[in-house]
Amino acid sequence: MARSTQVAKTSNGKSEASVEDLTKQIEALKSDLAGLTKTISDLGRTQGEALAESAKIKAQELKARGQENAELVARQARALNDDANQMIADRPGTALGLAVGVGILIGLMTARR
Numbered sequence: 001m002a003r004s005t006q007v008a009k010t011s012n013g014k015s016e017a018s019v020e021d022l023t024k025q026i027e028a029l030k031s032d033l034a035g036l037t038k039t040i041s042d043l044g045r046t047q048g049e050a051l052a053e054s055a056k057i058k059a060q061e062l063k064a065r066g067q068e069n070a071e072l073v074a075r076q077a078r079a080l081n082d083d084a085n086q087m088i089a090d091r092p093g094t095a096l097g098l099a100v101g102v103g104i105l106i107g108l109m110t111a112r113r
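Residue numbers are given in full-length UniProt numbering: position 103 of the sequence shown equals residue 103, and the series is strictly consecutive.
Encoded structure:
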């Protein structure tokens, strides 16, 4: 990192660092700063890539779960439809009575204003 400076005494007794030493120190600081910048940049890139990968995996998991749920709902709807068709085939009178009852209820609800 930074190095100690060599100090030269001037004729009036004040300390003055040589220009060459200051130039060397500035160059060392520039080099250190460039190294730190690269390290921080690499760290940010690595963390960004890790977060992107984590988000990608989570999205894939959610997509798979959504597809499973959609398939489950579709199977349940088909089963309900099959049950309704089977009930109509087994008990047509009950199905007709149920349909008439539902129709009357809907008619009464819509007739009230």
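Just so you know, even glycine gets a beta-carbon here, dropped at the ideal spot from N, CA and C.
Report, in whole angstroms, the separation of the C-beta atoms of residue 88 and residue 95, which I expect to be a contact under 8 Å. Residue mapping note: residue 88 aligns to position 88 of the sequence shown, counting from 1. Residue mapping note: residue 95 aligns to position 95 of the sequence shown, counting from 1. At roughly 4 Å, the Cβ-Cβ gap stays under 8 Å, so residue 88 and residue 95 are in contact.
On the three-state DSSP scale, how would you describe residue 41? To locate residue 41, count along the sequence shown from 1; it is residue 41. Note: residue 41 maps to helix in three-state DSSP.
Do you know offhand how far residue 18's Cα is from residue 51's? Residue numbering aside, residue 18 sits at position 18 when the sequence shown is read from its first letter. Residue numbering aside, residue 51 sits at position 51 when the sequence shown is read from its first letter. Near 49 Å, if we compare the C-alpha coordinates of residue 51 and residue 18.
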